[in-house]
Structure formats: structure tokens, C-alpha cells
Amino acid sequence: MGKLQSKFRKRSELYRASQGVKGDNTYDSQILQYEPAHHGSINTVTLLSPDLCVSGGSDQAVVVYDWKQGRVCQSFQGHNREVTKVLCYPGSTWIFSASRDKTVLMWDLNQGDEPIQEFCGHELVVNGIAISPDGRKLCTGSRDNWMCLWDIESAKCEHRHNISRNLVTHVCWVPDSFSVVQTSEDKTIRVWDSRTWQVTNTFPAKQNIQTHCDVSPNGHYLVSSSNGFGGQGCEATLWDLRQPGCKVVEYRGHLQTTACCIFLPVFPGGSGQIATSSHDSSMKIWDQNTAVCLGTLSLDGAGPLVSLAPNDSTSLLCASFNAGLQHIQVDHGSLQAQGCGAGSGGAGSLDMRVVARF
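Residue numbers for the sequence shown follow full-length UniProt numbering, so the first one is 1 and each next one is one higher.
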């Protein structure tokens, strides 16, 4: 661990030494350059606590990072291929990581460097992981067409279900329910009942691969994102889970695949908002109900922006292929002054900027 941190520290010093060189990003001269969390591209990021994030990437590491202090707290080495997804159980020190090595590993920040549980059984890359609200069950989904339900304590697979062409891209557990939602490369969204492990609803197929999904905290809405190119098929879609298959609005504006879509914590006095990130190196925030784009942040040179993790209504983390993790600050002041309307030309009036990179 000491050698690893030393490497990160040296890289950090090089980053800081070059801070005076003006980059393509307007804010580069003002961005804090912390020690990098990973070597190579980052595929996924989530929050463990208000101060700690967890990320995974092509270097096969699962990294716990103090993003406010700019330092690595722990680096878990257990996968032998790149990490695709990480997930934390709220209020605990549990961390789950999925990988192209076909496994899911469970870690505990307070129990050393070794995984405390291993979930094996998939035949291809695992792209989706979700934990039941009571913390007893783990759902996994893979490109092998299998959706699996595991007992976390014993690591035994309790249910397995294979659906032809169901190449799973992401999985979400609906809060305070027995329902699990998953997106797929077959362009379909499915809802599962965790008690019977049967599909209870299938949404109307979209025209493009569904890349990601998120469920609102109240469990009423689902947002999914699509792949695409040249502005076609790159949207995110809001669905009403209380009326299965009911499409509410679409969020259109990205030029390439929309890789991630999330519900943001509601700003005091504000309305619901959706954040999306794309392979076009941009992140957008939308009014949830009207689909108006409230703001766009372009990170030239960062490559695909593939994962978002909100801390609160004013800050979130973004994982990129080429530029590490980005701490993005959101200023709602101008939006409030304009009565929550869009700025000129529909470009939006939220002020978003990168304040730190690691």
C-alpha cells in the first residue's frame, strides 16, 4: 500500500508542477490537482460517505478516496480485469465491485485489504449490481443474459433467470420495494420481482441500446439513457413506474452515447433535476418535468464521461476515460434569479465548473 501511495504522490506532484500551463479547459488554471485515484480510464464512481467516494477502472483497482482532502484512503486489489461497476450500501462500510473477470467482490473498509465475500457464477462481464433495501440480497446482471439474486451473508445464488438477448447494462433496486429494474443491449427495460425472480413488466423497446438507469428516491420514476451518434438516439428518457411503460419526457441534446443518467438531490426551493453524461465529453443538467436543459459543462479532452455520483444539490463527481475523476460544482444562483427558466438559446443558466481533479 505504501508503494502504491508513493506512486500516486509522485504523479500528483507532477500534476501540480504543470498546473501553471494553461489547458483547453477555461477553468484549468483554477482547478485543484489532487493525487490521481487511478492509472488509466475510470469506469464507475459512487459515494461511500459525504467525504469518501469509491471508484473502479481499467487498472483493476477499487479505490476509496477522500475527495475533499485529495488523498487515497484505500486501494483494493482483487480483480484481474477492469472494474465495471462499484456500489456501496448506505450507512455501512460495505463496497461491492463488478468486473470483466465475471465476478463481484465484496469489501469492508474496516476489514483489511482482502475481499470478505466473492460472488461467482456469471460467464461474461458483470455490468449491473444492486443491493436490496434491507442489505440482505445482491442482484447481479451480466452480458451472459443471466440475472442472479444472491444471499449476501452466504454468497449463495438463490435465483437465476436467463432471457435470450438480455445483455444487461445496468441494474437498480427500487427504494422500499421488492422490485429491481434493469436495462439491456436488446433496447428493453425490465422490472423484476425479487420474491419470485420473474419479470413483472417489460417497457416498450426503444430504438437504441439502453446504457444506464436510475430510480427516483420516492420510487415513482425511472430514468434511462441510450447509445447513439451524431445526436441521434443519444437521449435519456423519464418513465413513470406507477404506470408501467408510461414515458413522461425525453432529454435530448447530447451528440454521442448518453452513458449515465441520475436523479439529483433537490435544491431547496427548486424542482426535480436530472443529470446526464456522455461520450461527447459533456455533462448536462435538465429540469425533470419540462426536459429543459438548465446547463451544460463540456470537458474537452476528457473523453467519454461514463459515471456520475451526486453529493448534494451543489456538487457531484464525474468519472472520465482520459482525465480521471472530476469534482463539479453547481451554482443555482443564476437559475433562481431567472425563475428557474432556461438561458438564452436554450443553453441553460446553471453555472457548472470543475473545481478539482483527481
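Positions of the beta carbon are idealized from the N, C-alpha and C atoms, including for glycine.
On a predicted model such as this, the values are computed, not experimentally measured, just so you know.
Asked, Found
"Test item: CB-CB of residue 367 and residue 188 under 8 Å", "There is simply no residue 367 to check, as the chain begins at 1 and stops at 358 in what is shown."
"Residue 30 in three-state terms, based on DSSP", "helix"
"Buried versus exposed call for residue 274 [16 or more other C-beta atoms within 10 Å across all chains shown]", "buried"
"Residue 79 beta carbon less than 8 Å from that of residue 55", "no"
"Boundaries of the beta strand (DSSP E) in which residue 43 is found, first to last residue", "42-47"
"Residue-chain proximity (residue 88, chain D), Cβ-Cβ < 8 Å", "The chain inventory of the structure shown lacks chain D, comprising one protein chain alone."
"Environment of residue 153 [buried if 16+ CB atoms lie within 10 Å]", "exposed"
"Secondary structure, alpha helix (DSSP H): runs of 4+ residues fully inside the stretch 122-205", "none"
"Nearest neighbour of residue 42, chosen from 355, 311, 257, 302 [CA to CA]", "302"
"Distance, residue 72 Cα to residue 5 Cα", "Its pLDDT being 42, under 50, residue 5 is placed unreliably in this model, and the value from its coordinates should be taken loosely. One C-alpha to the other measures close to 7 Å."
"Same chain, Cβ closer than 7 Å to residue 160, neighbours up to 5 away in sequence not counted", "146, 148"
"Residue 179, buried or exposed, once every other Cβ within 10 Å from all chains shown has been counted against 16", "buried"
"Neighbour-count burial assignment, residue 289, 16 or more Cβ in a 10 Å radius", "exposed"
"Sufficient close CB pairs (3 or more, under 8 Å) joining the stretch 200-212 to the stretch 223-230", "yes"
"Proximity to residue 110 [Cα-Cα], best of 83, 300, 48", "48"
"Close Cβ partners of residue 203 (< 6 Å) along its chain, the five nearest in sequence each way excluded", "189, 245"
"7 Å Cβ shell around residue 280 - same chain, five flanking residues per side excluded", "254, 255, 256"
"Cβ neighbour criterion (16 or more within 10 Å) applied to residue 214", "buried"
"Those residues which DSSP pairs with residue 52 across a bridge", "66"
"Option nearest residue 230 by Cα separation, candidates 278, 86, 320", "278"
"Cβ pair residue 320, residue 305 closer than 8 Å", "yes"
"Spatially closest choice to residue 233 from 241, 259, 163, by CA coordinates", "259"
"Alpha carbon of residue 200 to alpha carbon of residue 299, nearest angstrom", "40 Å"
"Euclidean distance between Cα positions of residue 75 and residue 243", "43 Å"
"Limits of the unbroken beta strand (DSSP E) element including residue 78", "Counting along the chain, residue 78 falls outside any beta strand (DSSP E), and DSSP gives it neither H nor E."
"Environment of residue 261 [buried if 16+ CB atoms lie within 10 Å]", "buried"
"Beta strand (DSSP E) runs wholly inside the stretch 218-279, at least 3 long, in chain order", "221-226, 236-240, 246-251, 258-264, 273-278"
"Close-in-space but distant-in-sequence residues of the same chain around residue 249 (CB under 6 Å, 5 per side omitted)", "238, 291"
"Nearest to residue 141 (by Cα), restricted to the options 134, 150, 133", "150"
"Which listed residue (40, 53, 276) has its alpha carbon closest to that of residue 211", "276"
"Distance, residue 104 Cα to residue 165 Cα", "22 Å"
"Nearest-angstrom Cα separation, counted from residue 186 out to residue 193", "20 Å"
"Residue closest to residue 131, alpha-carbon to alpha-carbon, out of 112, 99, 94", "94"
"Straight-line gap, residue 309 to residue 121 (C-alpha atoms, nearest Å)", "28 Å"
"Inter-residue Cα distance where the pair is residue 13 and residue 33", "Confidence in residue 13 is poor, its pLDDT being 38 and thus under 50, which makes the residue's placement too unreliable to answer from."
"CB contact flag (residue 127, residue 84, <8 Å)", "yes"
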